[in-house]
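Enquirer: Chains as they are written, first to last, in the numbering used here: chain A, 8 to 382; chain B, 147 to 265.
In structure tokens form, the structure reads like this:
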């Protein structure tokens, strides 16, 4: 075991299953199991993959009532929090005064509070940010006593419906509190793979029992961070610190869709979040660079950092790959990255430089495969 | 059969040496998704990067173990890189080299030496 790394409540289970552990955001995490990245990826797309995401930050925001708490959170994120229905979840991001993205997150209206899940690498900074800007009006509670699992794939619903019929009729982004193997779990119908599935917050004391119960199903296998990355890449989903960061704005990241009408320039509660001037102007006029899908036409993977050129000879790069690798379901290399806005049209042929040679890539729509969410 | 510290195996066939990577190396690399081979007729020097292999995790180079001329490449690997995981010691050889100095083989390990290296 590596020194100073934290363990999730599933650590012993990972080792039992032959996981290869690596340091990730201060935790000792499974990058793959005995099956390997390729098989784990394909298993998730055909059956059900179980993911330990307990390293992520789980936070409760509690004020005198939902409206007060929602209005407070709206000061930090450009989303419509106020009108989110009870037991509904939404994707969002914290912005900074320059219009950059501090972290992305999921938030849910749980009636008397807001439940927020943030990235592992950013969670300390996010919690400090929330406390600085929301307390004392809103209480910010970092939950250290809950684990987080995701179950993803076409048979996830069948597996979960054995625990409660409500699992089957939850819609994409619905949230509920449901029992699994005797534990009271907070469940959302969402994920990070492009597949249908659930994300499940579990009291630490019951975490291992719940994981072992789920793993007892024939269709369910634990899946490591390696396949989690190739799954989300095929699904066109951003990884914070790679595809989005403080240097990317919502418009450049092609995330305008995540900013609801109420917060846009002509909305009921326009602006009022950090960087609003820049973000709202870019939503109107565009950004100089855009995040796009990049599909190498050859077989060579183009990984993070590969420079993109307009043609085979020009000296100045027009963009860069921010995530890339092999897509096991696509059966070929896939990537995403930023290119200048004039070249961001789907179908444009550009060139990625790998080991000194330029190979054609096509600007592609995202996701690379069909999304299988339960609408 | 001889082995290099870079986890290549070398099998002498007359005046030709067949080169591949070991089972141990293919397992460590994980699922292999891309192989770029040299061209037949290339003259290479020992330690030149002659093959690129990429797994789902990362890219690695295979170095020429000997000075010589590449006389044949295993083109099938370009279309089916996963063969390197399935049969690294057999069908999934990378290239055949005609060494200019066969005595360069002497510095490489035998099977017992290689087994000791990988533990």
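Glycine included, every Cβ here is placed at the ideal spot set by N, Cα and C.
Source: prediction; values computed, not measured.
How close, in whole Å, do the beta carbons of residue 332(A) and residue 240(A) come, if the pair is a contact with beta carbons under 8 Å?
Expert: Counting from one through the first chain, the residue named residue 332(A) turns up at place 325. Counting from one through the first chain, the residue named residue 240(A) turns up at place 233. That belief holds up - the Cβ atoms of residue 332(A) and residue 240(A) are roughly 6 Å apart, short of 8 Å.
Enquirer: Quick one, are the C-beta atoms of residue 243(A) and residue 300(A) less than 8 Å apart?
Expert: By 1-based counting over the first chain, the position of residue 243(A) is 236. By 1-based counting over the first chain, the position of residue 300(A) is 293. Yes, these two residues count as a Cβ contact at 8 Å.
Enquirer: Is the CB-CB distance between residue 303(A) and residue 83(A) below 8 Å?
Expert: Position 296 of the first chain, counted from the first residue, corresponds to residue 303(A). Position 76 of the first chain, counted from the first residue, corresponds to residue 83(A). Not closer than 8 Å, so no.
Enquirer: Would you decide whether residue 179(B) is buried or exposed? Buried here means 16 or more other CB atoms lie within 10 Å of its CB.
Expert: Here the question's residue 179(B) lines up with position 33 in the second chain. Looking at its Cβ environment, which holds 16 or more other Cβ atoms inside 10 Å, residue 179(B) is buried.
Enquirer: Quick check on residue 180(B) - is its C-beta less than 8 Å from some C-beta in chain A?
Expert: In the second chain, residue 180(B) corresponds to position 34, counting from 1. Taking Cβ atoms only, chain A reaches closer than 8 Å to residue 180(B), which makes this a yes.
Enquirer: Under 7 Å Cβ to Cβ from residue 153(A), same chain only, skipping five residues before and after it: list those, please.
Expert: On the first chain, residue 153(A) is found 146 positions in, with the first residue counted as 1. Here the set comprises 65, 208, 209, 210 and 211.
Enquirer: According to DSSP, is residue 309(A) helix, strand or coil?
Expert: Locating residue 309(A) in the first chain gives position 302, counting from the first residue. If DSSP states are grouped into helix, strand and coil, residue 309(A) belongs with coil.
Enquirer: Just the chain B side, please: which residues come within less than 8 Å of residue 44(A) by C-beta, in chain order?
Expert: In the first chain, the residue the question calls residue 44(A) occupies position 37. Near residue 44(A) (Cβ distances below 8 Å), the residues of chain B are 176, 177, 202 and 203.
Enquirer: Just to confirm my understanding: we take residue 8(A), look at its own chain, exclude 5 residues before and 5 after, and list those with CB closer than 7 Å. What are they?
Expert: The count along the first chain starts at 1 and reaches residue 8(A) at position 1. At residue 8(A) the pLDDT is 48, less than 50, meaning the model places this residue with poor confidence; the figure from the coordinates comes in the next sentence. Answer for residue 8(A): 35, listed in chain order.
Enquirer: Please return the same chain residues whose Cβ sits closer than 7 Å to the Cβ of residue 245(A), not counting the five positions on each side in sequence.
Expert: Here residue 245(A) refers to the residue found at position 238 of the first chain. Once the five neighbours on either side are set aside, the close Cβ partners of residue 245(A) are 111, 251 and 260.
Enquirer: Which whole-angstrom value is the C-beta distance of residue 144(A) and residue 233(A), which I expect to be below 8 Å?
Expert: Taking the first residue of the first chain as 1, we reach residue 144(A) at position 137. Taking the first residue of the first chain as 1, we reach residue 233(A) at position 226. With 8 Å as the limit, residue 144(A) and residue 233(A) do not qualify as a contact, their Cβ atoms being about 42 Å apart.
Enquirer: Beta-carbon within less than 8 Å of residue 257(B)'s beta-carbon, same chain only, minus the 5 sequence neighbours each way: which residues are those?
Expert: Locating residue 257(B) in the second chain gives position 111, where the first residue counts as 1. Around residue 257(B): 147 and 149.
Enquirer: Go ahead and label residue 43(A) buried or exposed: buried means 16 or more other beta carbons lie within 10 angstroms of its beta carbon, across all protein chains shown.
Expert: Residue numbering aside, residue 43(A) sits at position 36 when the first chain is read from its first letter. Classification for residue 43(A): buried.
Enquirer: Classify residue 228(A) as helix, strand or coil using the three-state DSSP reduction.
Expert: Translated into positions along the first chain, residue 228(A) becomes position 221. In the structure shown, residue 228(A) sits in a strand (DSSP, three-state: E or B).
Enquirer: Output yes or no for whether 8 Å exceeds the beta carbon distance between residue 95(A) and residue 182(A).
Expert: Translated into the one-based positions of the first chain, residue 95(A) becomes position 88. Translated into the one-based positions of the first chain, residue 182(A) becomes position 175. Going by C-beta atoms, residue 95(A) is nearer than 8 Å to residue 182(A).
Enquirer: Within a Cβ cutoff of 6 Å, which residues of the same chain sit near residue 217(A), ignoring the five residues on either side of it in sequence?
Expert: By one-based count along the first chain, residue 217(A) stands at place 210. Around residue 217(A): 187, 188, 190 and 209.
Enquirer: Counting only C-beta atoms, is residue 198(B) closer than 8 Å to chain A at any point?
Expert: Against the second chain, residue 198(B) aligns to sequence position 52. Judged by the 8 Å Cβ criterion, residue 198(B) is in contact with chain A.
Enquirer: Can you tell me which of the three DSSP states residue 250(B) falls into?
Expert: By one-based count along the second chain, residue 250(B) stands at place 104. In this structure, residue 250(B) counts as helix in the three-state DSSP scheme.
Enquirer: Nearest chain B C-beta to residue 363(A) closer than 8 Å, yes or no?
Expert: Start at 1 with the first residue of the first chain, and residue 363(A) comes out as number 356. Chain B, which has no Cβ nearer than 8 Å to the Cβ of residue 363(A), makes this no.
Enquirer: When DSSP labels each residue in this structure, what does residue 39(A) get in the three-state scheme?
Expert: The residue given as residue 39(A) occupies position 32 in the first chain. In the structure shown, residue 39(A) sits in a strand (DSSP, three-state: E or B).
Enquirer: Using the Cα positions of residue 221(A) and residue 190(B), report the straight-line distance between them to the nearest angstrom.
Expert: Locating residue 221(A) in the first chain gives position 214, where the first residue counts as 1. Locating residue 190(B) in the second chain gives position 44, where the first residue counts as 1. Approximately 54 Å between the Cα atoms of the pair.
Enquirer: Answer yes if the stretch 160–169 of chain A comes into contact with the stretch 44–56 of chain A, meaning at least three C-beta pairs across the two stretches below 8 Å, and no otherwise.
Expert: Enough Cβ pairs lie closer than 8 Å, so yes.
Enquirer: Which of helix, strand or coil does DSSP assign to residue 351(A)?
Expert: For the purposes of this step, residue 351(A) is taken as the residue at position 344 of the first chain. Residue state, collapsed to three classes: coil.
Enquirer: When DSSP labels each residue in this structure, what does residue 284(A) get in the three-state scheme?
Expert: Working through the first chain from its first residue, we reach residue 284(A) at position 277. Helix.
Enquirer: Run through DSSP, which three-state label would residue 289(A) get?
Expert: Position 282 of the first chain, counted from the first residue, corresponds to residue 289(A). DSSP places residue 289(A) in helix when its eight states are reduced to three.
Enquirer: What's the call for residue 228(A), buried or exposed, on a 16-neighbour Cβ count within 10 Å?
Expert: Indexing the first chain from 1 puts residue 228(A) at position 221. With a 10 Å radius around the Cβ and a threshold of 16 neighbouring Cβ atoms, residue 228(A) comes out buried.
Enquirer: With distance defined between alpha-carbon atoms, name the residue in 238(B), 255(B) and 218(B) nearest to residue 225(B).
Expert: Counting from 1 along the second chain, the entry for residue 225(B) is found at position 79. Ranking the options by Cα distance to residue 225(B), first place goes to 238(B).
Enquirer: Using the Cα positions of residue 234(B) and residue 346(A), report the straight-line distance between them to the nearest angstrom.
Expert: The residue you call residue 234(B) lines up with position 88 of the second chain. The residue you call residue 346(A) lines up with position 339 of the first chain. So the two alpha carbons sit approximately 39 Å from each other.
Enquirer: Given that residue 237(A) touches chain B, what residues does it touch there, using C-beta distances under 7 Å?
Expert: Here residue 237(A) is taken as the residue at index 230 of the first chain, counted from 1. Going along chain B in sequence order, the residues near residue 237(A) (Cβ under 7 Å) are 202.
Enquirer: Between the C-alpha atoms of residue 209(B) and residue 165(B), what's the straight-line distance to the nearest angstrom?
Expert: Counting from 1 along the second chain, the entry for residue 209(B) is found at position 63. Counting from 1 along the second chain, the entry for residue 165(B) is found at position 19. About 10 Å.
Enquirer: For residue 364(A), is the classification buried or exposed, using 16 other Cβ atoms within 10 angstroms of its Cβ as the cut-off for buried?
Expert: Locating residue 364(A) in the first chain gives position 357, counting from the first residue. Exposed, because fewer than 16 other Cβ atoms sit within 10 Å of the Cβ of residue 364(A).
Enquirer: Should residue 298(A) be labelled buried (16 or more other beta-carbon atoms within 10 Å of its own) or exposed?
Expert: The residue given as residue 298(A) occupies position 291 in the first chain. Residue 298(A) should be labelled buried.
Enquirer: Within the stretch 52–122 of chain A, note down every full alpha helix (DSSP H) run reaching 4 residues or more, in order along the chain.
Expert: 73–80
Enquirer: Taking Cβ-Cβ distances below 9 Å as the criterion, which residues of the stretch 343–371 of chain A are in contact with chain B?
Expert: 361 and 362
Enquirer: If we define contact as Cβ-Cβ less than 8 Å, is residue 254(B) a contact residue for chain A?
Expert: Along the second chain, one-based indexing puts residue 254(B) at 108. No, residue 254(B) does not count as interfacial toward chain A.
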